[in-house]
Every structure is written in structure tokens, then in C-alpha cells.
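The opening residue of the sequence shown carries number 1 in the UniProt record's numbering; numbering runs sequentially from there.
No residue lacks a Cβ here, since even glycine has one placed at the ideal position from N, Cα and C.
Keep in mind it's a predicted model, so treat the numbers as computed, not measured.
Report on the structure given below.
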Amino acid sequence: MLWNDVIYVLLLLFSVAIGLFYRKIERPHVKQWIGTVIGFTLVACISGLSVVHPIITVLINAIIITNLSWKYEYIYLMKCHLVSLYFSFFYLLVIFRLSDYFGLSNPPTYTNLVVMILTLKLPGLAFEINSAATAPTDNNQGANSEAFKKISFMDVIHYSFGYMGVLTGPYYRYRTYWDSLYRPFSNYVDPWPLTYYKLKQIAAFIVLFLVMNHLFPSDYTQTVEFEEHCFFYRFFYMYPTFASFRLRMFIGMILAECVCQMSGLGAYPVCCQPVPGLGPRDYKKIEELSLNHDRIKKEQQDFETVHNMNVWEVEFSPFVRHTMKMWNTCIQYWMAVCIYKRFPHKGLRTVATLTLSALWHGYSAGYYFCICQVPFYLPFEDICIKFYNQCEENGYRTQFR
């Protein structure tokens with residue numbers, strides 16, 4: 001597994017480096033094709049023959065999206081995003097995850113990550129089309145906007161296999177992808193200082209991971225010798241192994257952010273209020289700035305749109321709700337917009353969203369014990385916070401004396 005991790009990190013570092021050249025390509029269609037060829041090559045390298053799974057996921061979704069979209073009768077508008085969502089999760093959870101039951105070989109671990117992100121990106125595109133089609137005609141993010149006027153079969157392919165985020169995310173909208181091709185913002189921002197800072201973080205995390213994995217190897221938990229230890233030894237052993245797991249996630253996800261940054265994807269002026277996953281809240285200002293290159297040069301820009309992992313908030317926040325929002329923030333955005341806000345029964349929204357999140361992660365029991373317990377924590381946390389805020393300073397202490 002460790003050597004596979006090394007190869008995976010090297011591929012991500014290659015993706016970071018290639019951004020130096022990719023960002024300078026001026027013609028959008030050439031940029032699309034180069035990004036897609038690089039992305040598909042990376043997927044093929046880590047997947048081998050299992051590359052057929054991402055191909056099937058993308059091709060069938062491309063057919064669904066381009067044939068059941070807002071361009072046709074209104075009845076199809078109500079089906080496009082749902083058909084894409086149901087198919088994508090069915091393929092991930094049944095065909096892909098249970099492939100050995102169908103006589104197929106088990107796909108590599110990293111192919112699982114590719115199919116997981118495609119399972120969100122492709123229905124996410126269908127949801128964007130649905131939202132654009134139902135928006136007012138004068139809405140700058142509606143069906144009449146340049147990004148959604150005509151989405152072709154190949155546009156879906158390019159969005160799916162573009163090398164930015166194809167290996168492990170972060171999730172970004174089709175609108176963000178389109179902006180990276182046709183908006184001028186990436187020409188006026190230097191992503192290297194932020195990327196260099198994150199690469200130094202990654203180097204520190206790699207050293208910590210190697211030390212932790214050497215002192216507390218996770219494979220040891222599968223041995224007979226480990227089972228012979230007392231309960232308390234086994235119980236406390238999971239803390240350093242879980243820390244190693246988090247470090248592994250930090251390394252991969254922050255590297256994926258660096259890939260997007262160096263390619264120029266997700267660069268927006270701060271004044272447009274970009275947030276993870278969504279992009280800019282003030283899209284009218286985006287359109288205004290796009291026509292004024294001199295003003296863009298003066299605007300401060302960031303890559304908050306593809307900021308997927310806030311390490312310090314995850315590690316040091318005392319609140320479950322806040323920690324949950326800071327972990328994998330772009331995925332949290334997708335879950336909130338595509339599932340939580342659209343789920344018909346308000347009282348079950350949190351349970352439904354977190355259950356789907358657990359299913360998306362896999363079938364291991366740990367996902368369900370961890371993720372599906374969150375709805376039970378949140379009400380108690382809210383009560384405690386409310387109680388604390390209503391008390392006078394240090395008043396809560398005197399009540400228990």
C-alpha cells in the first residue's frame with residue numbers, strides 16, 4: 001500500500017507541475033483537450049483495465065445529460081438530474097463496489113476515488129442544468145448564460161476527465177470549470193506563493209505520517225498478537241492510527257488543491273465572495289470584472305472555491321458541527337445543495353444526507369458508526385451551546401457546585 005501511495009503522490013506532484021504550462025494556454029478548446037488527455041492518462045495509469053468503470057460512468061451520464069436536459073420538453077427537465085443521480089449512485093454502489101459478485105476483478109483503491117468524484121461531478125452538472133433551466137430568463141446564471149447555452153457531449157467528457165481534481169477531487173461546479181477556460185482571472189493571479197505554502201505543509205505531514213505509521217502501523221491491528229492485548233491497549237491504539245489516517249487524507253486533499261491552483265481553476269476576486277464548492281456568490285460582479293482587465297489587475301484574488309480541507313479548524317475546533325463543515329468542504333457543499341436542500345422531508349434531511357454520505361464513502365462499518373452518529377451529536381451540542389450562551393460568565397460552573 002505504501003508504494004502505491006508513493007506513486008499516487010508522484011502523479012499528483014506531476015499534476016501540480018504541469019499547471020505551470022497548462023495555465024499559459026490561451027485557446028479554450030486546446031486547453032480543454034490537453035487537460036482531458038492528461039486527466040484520462042492519469043486515470044488509466046492508476047486504474048489499468050479498471051479504467052472501463054470511469055469510462056462507463058462518464059459516457060452514460062453524458063448521454064443522460066445531453067438528451068434529458070432543459071433543451072427539450074419541460075417534462076425532461078424534471079428528470080435529468082434525478083436520472084443522473086440515481087444511475088451514478090447505482091453504478092458506484094452496486095456495479096463498481098460489488099464487482100466481484102458479477103465475476104469482475106476488484107478495481108484498485110485509487111480507481112474508487114476517481115469513480116467517487118465522478119459520482120458527484122456528473123449529477124452535479126445535471127443539477128446545475130436543472131437550476132439554470134428553472135431560473136428567470138434574465139438571471140446571469142440561468143439557461144441564457146454563456147456557460148449553459150449549449151452543453152455538448154464532449155463538454156461533459158472534458159469536465160469529467162479534466163486533470164484538475166480527477167484523481168481525488170476537490171469537487172467544483174461546471175460553472176467553475178467553464179470560468180477557468182473563458183474568464184481572464186487566472187491570467188492575473190500568481191498561484192505559486194499559496195501552493196508553495198501548502199507544499200511545505202504537505203512535507204511536514206508526510207514526515208509525521210511516516211513516523212506515526214512506523215510507530216503505530218495500522219496493519220498491526222489485523223494480527224493475532226494485537227488481539228491478545230488488553231481492551232484498553234486496543235482502544236487507545238486507535239487514536240494514533242486515526243491520526244495517521246487523517247494525515248494521509250490531508251496530504252492527498254491538499255495536493256489536489258494545489259493541482260487546481262496551479263492550473264488556474266478556482267481563481268476569483270475576493271470582492272465576489274467566493275466560497276468552497278459554489279464559487280463566487282456575487283456573479284454579476286464576475287461578469288463586470290471579466291470585461292475590465294485593468295480592474296482585474298488591481299483586485300485581490302484567492303482560490304477559496306477549491307479550498308477543500310481546513311486542517312487547523314478540523315484538528316482544533318471543539319464543535320462537531322463546525323468540524324464537519326471544515327472537513328472536505330467542497331463535498332459538503334455538494335451534499336448540502338444536491339441532497340439536503342432538495343430532500344422532501346425536512347425532519348429527515350440531516351439523516352438522509354449523512355446516510356448517503358456514508359454510502360458514498362463505502363460499505364465498511366466504520367463509515368456508518370462514524371458518519372451516521374452525527375445527527376445524534378448535533379442536537380445535544382446545540383443544547384449545550386445554547387445553555388452556555390445564556391448563562392452569565394462562569395455562571396454554569398456555580399450551578400454545579
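Contact between residue 279 and residue 355 fails: their C-beta atoms lie close to 27 Å from each other, not under 8 Å. DSSP assignment within the segment 217-282 yields the following whole alpha helix (DSSP H) runs of 4 residues or more, N-terminal first: 224-227 and 231-263.
Burial check for residue 179: the Cβ neighbour count within 10 Å reaches 16 or more, so the residue is buried.
Taking the Cα of residue 271 as reference, the smallest distance to any Cα among 283, 262 and 277 is reached at 283. Between residue 330 and residue 170, the C-beta spacing is below 8 Å. At least 8 Å separates the beta-carbon of residue 115 from that of residue 85. 8 Å or more divides the Cβ of residue 15 from the Cβ of residue 314. Within the same chain, 350, 351 and 354 come within 8 Å of residue 375 by CB-CB distance, once the 5 residues on both sides are set aside.
Here residue 371 is buried, its C-beta having at least 16 other C-beta atoms within 10 Å. Only residues of its own chain outside the window of five on either side were considered, and among them 270 have a CB closer than 6 Å to the CB of residue 302, listed in chain order.
Every alpha helix (DSSP H) of 4 residues or more that sits fully in the segment 9-92 is shown, in chain order, as 28-47, 52-67, 74-77 and 80-90. Put simply, the backbone Cα of residue 210 is about 44 Å away from that of residue 63.
Shown here, residue 179 sits in a helix according to DSSP, grouped into three states.
Between residue 186 and residue 295, the gap from beta carbon to beta carbon reaches 8 Å or more. CA-to-CA, the gap between residue 131 and residue 174 works out to about 12 Å. Taking residue 119 as the centre and dropping the five residues before and after it, the same chain places the C-beta of 57, 88, 89, 91, 92 and 360 closer than 8 Å to its C-beta, in chain order. Under the DSSP assignment, residue 357 falls in the alpha helix (DSSP H) whose first and last residues are 349-361.
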